[in-house]
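Below: the structure, in C-alpha cells.
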Amino acid sequence: PAPTPQYRPAYHFSPAAHWMNDPNGMVYYQGTYHLFFQYYPDGMVWGPMHWGHATSADLVSWKEQPIALYPDSLGYIFSGSAVVDAKNTTGFGKNGQVPLVAIFTHHDPKGEKKGTDTFQNQSLAYSLDAGKTWTKYAGNPVLKNPGIHDFRDPKVSWNEVAKKWVMTLATKDRITFFSSPNLKEWTKESEFGQKLGAHGGVWECPDLFPMTLNGKTYWVLLVNLNPGGPNGGSGTQYFVGNFDGKTFTPLTTDTKWADYGPDDYAGVTFANTGNRRIFLGWMSNWEYANQVPTAPWRNATTVPRELGLQQVGAQLYLTSQPAKEVARLFPAATTLKDVVVKKEIDLTPRLKNVGDKFQLKISTRQLASFSVVLANGKGEAVVIGYDKPTNKYYIDRTKAGRTDFSPKFAGRHTAPRLAKTTEADLTLLVDATSVEVFADKGLTVMSELFFPTQPLSKLKLQATGNFTVQELSYANLAPKPSS
Ligand code: FRU
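When the letters of the sequence shown are read in order and numbered with mature numbering (1 follows the signal peptide of the UniProt record, and there is no 0), they come out as residues 4 to 486.
And the structure:
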C-alpha cells in the first residue's frame, strides 16, 4: 500500500514501520521511560510477536530503539511487564548492578496448533545496561501452564505488605494472583472475577496497583477484555477494592470502564514512577486493527494518562487525565470567553490556524446538548458531543472519511456522563487520526480513531437550543524544536 504520512500521529508513539499492538514492560528508570510493545517487524498485520522498544525522557517524544526480545524455541514473545529489581532478588545483578527484569508470556505456536492447552507460559529476561539489551533467563519458563488455554500477560509489582513480588495474570475468564520472593519461583495465591464484571470475551492484560484517596488506600484492578467492550470489540474494565497481598476484594460488583471509546485497549501502567500512576494504552481495537488504512505502520499508543480516584455519590471511579507532560506540547493557546452557540458556529475563522493536531478545552456552566465538530471541505466530520436527554457523551465517526476497510469501523459510540455536577468540562486531544476525550476531570473518557480523506481542519460548535461555552481554549501542537 502507498505510504500515508498524513495519518502519522505526531505525539503518540507509532513504530516507523510494521505492526504494533499492546504496550509492554513499561518502566521508568534513571530518567528514561521505556515502552516495549507487541511488534511484528516483518509485516503490517499481526504475526510472530517480538518486543519492540522505544524510549522517552518526557512520555511524549519517543525514540524507537532496536528490538528488545525476539521469538525463540519456547515461542513468540507475548505481553508482559518489567520491574526494577532494586534488591537484586533474582541474583541477575552482578557487581552491584541493578537488574531490570521483564516478565512476559512465551506463546508456543506449535503447541497451540496441536490443540494443547499449555502453550502459554511465563518467562523472564533481564537487562544490566538500564534497558538497552536483554538476556533471556536460562531457566525459562518460570511459571508453567497448569492446563489453562488462556494463561498470559503477567503484570508484576513489589508488594510492600507481603514483602514479595505479586503477579497479576489473565487466566481466561478470571485473574489469578501469584507471589514470589525472587521472580523465579511462583506460588498461586488466589483467583478473582469468574462471576464478576464483563465477560463478553477473554480476559487479557491486567494490572493491579494502589491509589490513595483522602488518605485511604484502595487497590485498582484493570482487566482488559476482548471482545465485550462497552462499544464493541476490545475494552478496559476495572474494579476498585482492597488487596491484602493475597486476595483482591472489590468494593462493588458492577462493571466500570476506564475508557468508553472503541480505541483504547490493553492499557496498563508504568512501573517505578513513585506517586504517579501513568497509564498508556494501545489506540486500536481488535475488530479492525489489522485493516486500518495506514502504511507503512499499523497502530499507535494513546497519550500517557495520569490516573486518579474520585468519589461520586457512593461510587469510587478511576479518573484518567492527560499526563502533565502532554500540556507542554500545547504552549500557545487562543482563549475565547462566553461563546454563544445558536445552532451552529464555525470557529475556524476566529481561531485562525486550525490544524489537525491540537488540544481543545471547553467548559460550560450549562448542561445542554451540544457538539464539537471536526470537519473538512469534503463533508467529512467527526462529531463529539453531549446528549442531554440520555445524559451521554458520544463520538460519531460515521461520516468521517474512510470506513470501507472494515464493516465494524463506522459508528456512533456513547459513554455515560458519570459526573453529577451542572458544569461540564471537556479536553480533546487530536492527532491527525485520533481524538481522545477527557470529560469532567477525567471521569468519562473516550478514545476514537478516524481516517479522513483530507485533514479535518475546521472546528465548529453545534447546539440544539441556545448554548454558551464559558471558556474555550485552542492550541495547536507546538512545532518540534529542530535539533
Ligand atoms: C492483547 C493480546 C494479549 C497477548 C497479545 C498478543 O491484545 O491478545 O493477550 O499477549 O495481545 O499479541
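We put the beta carbon where it would ideally sit given N, CA and C, even for glycine.
Because the structure is a prediction, the values reported are computed rather than measured.
Query, Result
"Quick check: what's the CA-CA separation for aspartate 88 versus threonine 136?", "16 angstroms"
"Three or more beta-carbon pairs under 8 angstroms between the segment 363-371 and the segment 466-482, yes or no?", "yes"
"With a threshold of 7 angstroms, establish whether the CB of serine 409 neighbours any heavy atom of the ligand FRU.", "no"
"Quick check on the burial criterion: 16 or more other C-beta atoms within 10 angstroms. Buried or exposed for serine 486?", "Because the pLDDT at serine 486 is just 48, under 50, the model does not fix this residue reliably, and the value given afterwards should be weighed accordingly. By the neighbour-count rule (16 or more Cβ atoms within 10 Å), serine 486 is not buried but exposed."
"Between which residues of its own chain and glycine 200 is the CB-CB distance below 6 angstroms, once the five residues before and five after are set aside?", "Gln240, Thr258"
"Classify proline 18: buried if its beta carbon has 16 or more other beta carbons within 10 angstroms, exposed otherwise.", "buried"
"Nearest CA to the CA of tryptophan 65: which residue from Gly150, Phe39, Val226?", "Phe39"
"Less than 7 angstroms separating the Cβ of tyrosine 268 from some heavy atom of the ligand FRU?", "yes"
"Assuming phenylalanine 251 and leucine 224 form a contact by the criterion Cβ under 8 angstroms, report the distance between their Cβ atoms to the nearest whole angstrom.", "6 angstroms"
"Would you decide whether proline 307 is buried or exposed? Buried here means 16 or more other CB atoms lie within 10 Å of its CB.", "buried"
"State the Cα-Cα distance for the pair aspartate 267 and asparagine 234, rounded to the nearest angstrom.", "11 angstroms"
"For proline 6, count neighbouring C-beta atoms within 10 Å of its own C-beta (all shown protein chains included) and say buried if the count is 16 or more, exposed if not.", "exposed"
"Return yes when at least one heavy atom of the ligand FRU lies under 7 angstroms from the C-beta of aspartate 75, else no.", "no"
"Could you work out which residue in Leu72, Gln465, Lys395 is closest to threonine 138 when comparing CA atoms only?", "Leu72"
"For tyrosine 396, count neighbouring Cβ atoms within 10 angstroms of its own Cβ and tell me buried if that reaches 16, exposed if not.", "buried"
"Buried or exposed, going by whether 16 or more other CB atoms sit within 10 Å of the CB of threonine 171?", "buried"
"Out of Thr393, Gly142, Arg353, Ile80, which one is the CA nearest neighbour of histidine 56?", "Ile80"
"Determine, using beta carbons only, whether residue 564 and lysine 402 come nearer to each other than 8 angstroms.", "Any property of residue 564 remains undetermined from this structure, which presents the chain solely from 4 to 486."
"Which stretch, first to last residue, makes up the beta strand (DSSP E) that contains valine 440?", "437-442"
"Mind the definition here: the segment 179-193 touches the segment 212-224 only if three or more C-beta pairs lie below 8 angstroms; say whether that holds.", "no"
"Going by DSSP, what residues sit across from threonine 215 in a beta bridge?", "Thr220"
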